[in-house]
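Reviewing the structure listed below.
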Amino acid sequence: TWSAVPAGPPDPILGVSEAFKADKDSKKINLGVGAYRDDKGKPYVLSSVKKAEELLASSHPDKEYLPITGLPEFTKNAAKLAYGAESAPFASNSIAVTQSISGTGALRIGGAFLAKFYPHAKVIYLPVPTWGNHHSVFRDSGLEVRTYRYFDKKTVGLDFAGLKEDLQNAPEKSIVLFHACAHNPTGVDPTQEQWSELSDLVKEKQLFPFFDMAYQGFASGSTSRDAFAVRHFVSEGHQIALAQSFAKNMGLYGERVGAFSLVTESPEEKARVESQLKIVIRPMYSNPPLHGARIANAILSDGALYKEWEDEVKGMAERIISMREKLYDSLTDTLKTPGEWGHIKSQIGMFSFTGLQPEQCKALAEKAHIYMTADGRISMAGLNGGNIEYFAESVDKVVRG
Ligand code: LMR
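Mapping to my numbering: the sequence shown position 352 is 353, numbers consecutive.
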């Protein structure tokens, strides 16, 4: 029956973890997937998460089904975290929101809802480059995927002029995807002034902004500062779509906790939109998982746990920044590695877009047991006091050829 099924290629990101697992060398380093590691290179379960789990365990909760759109307290708190309690649509109960299978699930629900109900051409513009899975998610949701310029290889920074030109030339009312903060894979974000300009441009062209906020807290260490783009657009009257993930900022990767929301005109419109979100979700997976949403909600709804969580997010962001500084110093001061490495320090969030070429990435895996995606992206969180020198020396070797 399946003789005609061709073997598919490994996933560009998760396939790197498989290759890493298969390598038995003790020096091996995984800088592929964006998952936080502590300074010993170990997965990190946040203390606020452990406490939330203890609280939950002591209350012996049941294991009944959640509603199709998830745990209502959680979705309300998730929206509050993103939009801010003072935001007009939040305060007027006009945000349609559903729990999702983390950020990817949120994007997929959004894509499917837009494919079904967006009243204009179902075309979405993605930045170049973007998280590889964006292309597949939106294509498989039934949207036509197009791209806009984002990253300038020459300056290793934002191609703001190219970005604006491409959005200017997009047909009116197109959908445009923005990374809300900590752009993946480049680590390059627009400044607040640039976001304001983009908001004006989006308004002028009547584009529909869809924000992917997978790293709230990871760019600056502050969840509210990282929500600037989302909150600014909403305060300017844009009715945005938003995908949120709690994988990174709460370290809840495998629990799959996220939310998808749409700003609507009124509580009545919100109710209609939510009724249709249910109809989109029910045949996909019926209703979402319980445990992770309970954990996230316990943290978001308890003052002391919330404070502790915010400090932990800041701690993760700061450790990553310290790794950026160490790596930069090793490459430039100690090893005098040829090339310009300032972007390692200036880039934001979990990743650095190193500029290493695909053959150099391949050589690092084969010769040094160092794994990263073929586009030269490294997850900074995979570096620590114990492996950063080995990493810098290995990069130096491949750069010198
Ligand atoms: C990443 O880009 O590494 C993460 O978003 C994990 C994933 O699912 O690809």
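Cβ atoms here follow ideal geometry from the backbone N, Cα and C, with glycine treated the same way.
Boundaries of the alpha helix (DSSP H) in which residue i is found, first to last residue
{"i": "His-292", "result": "292-302"}
{"i": "Leu-1", "result": "This structure cannot settle anything about residue 1, because the visible part of the chain is limited to 2 through 402."}
Spatial distance of residue i from residue j (CA atoms)
{"i": "Tyr-329", "j": "Ala-375", "result": "21 Å"}
{"i": "Asn-250", "j": "Tyr-119", "result": "30 Å"}
{"i": "His-370", "j": "Gln-361", "result": "12 Å"}
{"i": "Phe-261", "j": "Ala-299", "result": "19 Å"}
{"i": "Lys-117", "j": "Ile-125", "result": "14 Å"}
{"i": "Leu-253", "j": "Gly-35", "result": "12 Å"}
{"i": "Leu-178", "j": "Pro-68", "result": "28 Å"}
{"i": "Lys-337", "j": "Leu-384", "result": "20 Å"}
{"i": "Val-235", "j": "Val-314", "result": "24 Å"}
{"i": "Gly-316", "j": "Gly-222", "result": "8 Å"}
{"i": "Ala-89", "j": "Asp-167", "result": "31 Å"}
{"i": "Leu-57", "j": "Ala-220", "result": "30 Å"}
{"i": "Ala-407", "j": "Pro-128", "result": "Since the first residue of the chain shown is 2 and the last is 402, residue 407 is not available in this structure."}
{"i": "Val-281", "j": "Pro-73", "result": "18 Å"}
Option nearest residue i by Cα separation, candidates the options
{"i": "Thr-131", "options": "Phe-354, Ala-79, Pro-359", "result": "Phe-354"}
{"i": "His-184", "options": "Glu-19, Gly-387, Pro-7, Ser-347", "result": "Ser-347"}
{"i": "Pro-290", "options": "Ser-103, Thr-2, Ile-96", "result": "Ser-103"}
{"i": "Ile-30", "options": "Val-400, Gly-106, Arg-401, Ala-366", "result": "Ala-366"}
{"i": "Leu-15", "options": "Tyr-372, Ala-305, Lys-154, Ala-89", "result": "Tyr-372"}
{"i": "Gln-195", "options": "Val-50, Leu-178, Phe-161, Ser-276", "result": "Phe-161"}
{"i": "Ala-318", "options": "Gly-343, Val-189, Phe-352", "result": "Phe-352"}
{"i": "Gly-238", "options": "Ala-181, Gly-377, Lys-363, Lys-204", "result": "Lys-204"}
{"i": "Pro-62", "options": "Ile-296, Met-381, Phe-21", "result": "Ile-296"}
{"i": "Arg-283", "options": "Ile-349, Val-400, Ala-113", "result": "Ala-113"}
{"i": "Ile-176", "options": "Gln-193, Asn-134, Leu-115, Pro-186", "result": "Leu-115"}
{"i": "Lys-51", "options": "Gln-193, Gly-42, His-292", "result": "His-292"}
{"i": "Gly-350", "options": "His-135, Arg-325, Ala-294", "result": "Arg-325"}
{"i": "Ala-230", "options": "Phe-247, Phe-211, Leu-278", "result": "Phe-211"}
{"i": "Pro-44", "options": "Thr-335, Ala-23, Asn-170, Gly-255", "result": "Gly-255"}
First through last residue of the beta strand (DSSP E) which encompasses residue i
{"i": "Gln-100", "result": "96-102"}
{"i": "His-135", "result": "Not the beta strand (DSSP E): His-135 falls in the alpha helix (DSSP H), residues 133-142."}
{"i": "Thr-148", "result": "145-150"}
{"i": "Leu-243", "result": "242-246"}
{"i": "Val-124", "result": "124-129"}
{"i": "Asp-39", "result": "No beta strand (DSSP E) contains Asp-39, which DSSP labels as neither H nor E."}
{"i": "Ser-200", "result": "Careful: Ser-200 lies outside any beta strand (DSSP E), inside the alpha helix (DSSP H) at 193-205."}
{"i": "Asp-190", "result": "Asp-190 -> no beta strand (DSSP E), and no H or E assigned at all."}
Secondary structure of residue i, DSSP reduced to three states
{"i": "Met-324", "result": "helix"}
{"i": "Asn-385", "result": "coil"}
{"i": "Ile-69", "result": "coil"}
{"i": "Gln-348", "result": "coil"}
{"i": "Leu-82", "result": "helix"}
{"i": "Gly-158", "result": "strand"}
{"i": "Asn-288", "result": "coil"}
{"i": "His-180", "result": "strand"}
{"i": "Tyr-372", "result": "strand"}
{"i": "Met-251", "result": "coil"}
{"i": "Phe-21", "result": "helix"}
{"i": "Asp-12", "result": "coil"}
{"i": "Phe-91", "result": "helix"}
{"i": "Phe-118", "result": "helix"}
{"i": "Phe-219", "result": "coil"}
Cβ neighbours of residue i in the same chain (closer than 8 Å, five flanking residues each side left out)
{"i": "Ser-93", "result": "Ser-267, Pro-268"}
{"i": "Ala-80", "result": "Phe-91, Ile-96, Val-98, Ala-260, Ser-262"}
{"i": "Val-138", "result": "Thr-105, Leu-108, Arg-109, Gly-112"}
{"i": "Ser-48", "result": "Glu-309, Glu-313"}
{"i": "Glu-390", "result": "Ser-331"}
{"i": "His-233", "result": "Gln-193, Trp-196, Ser-197, Ser-200"}
Spatial neighbours of residue i in its chain, beta-carbon cut-off 7 Å, leaving aside the 5 residues before and after
{"i": "Val-46", "result": "Gly-252"}
{"i": "Gln-207", "result": "Glu-173, Lys-174"}
{"i": "Val-157", "result": "His-344, Gly-356"}
{"i": "Tyr-274", "result": "First, the residue type needs correcting, since residue 274 is Val and not Tyr in the sequence shown. Excluding sequence neighbours, Val-274 sits near Ala-97, Leu-263, Thr-265."}
{"i": "Asp-40", "result": "Arg-320, Asn-385, Gly-386"}
{"i": "Glu-87", "result": "none"}
{"i": "Val-146", "result": "Ile-125, Leu-127, His-136, Phe-139, Arg-140"}
{"i": "Gly-340", "result": "Val-400"}
Beta-carbon contacts of residue i that lie in its chain and below 6 Å, excluding the five residues immediately before and after
{"i": "Pro-359", "result": "Ala-375"}
{"i": "Leu-32", "result": "Met-373, Ile-379, Ser-380, Gly-383"}
Check: residue i C-beta below 6 Å from any heavy atom of ligand 3
{"i": "Val-129", "result": "Summarising the ligand content, the structure contains ligand 1 and does not contain ligand 3."}
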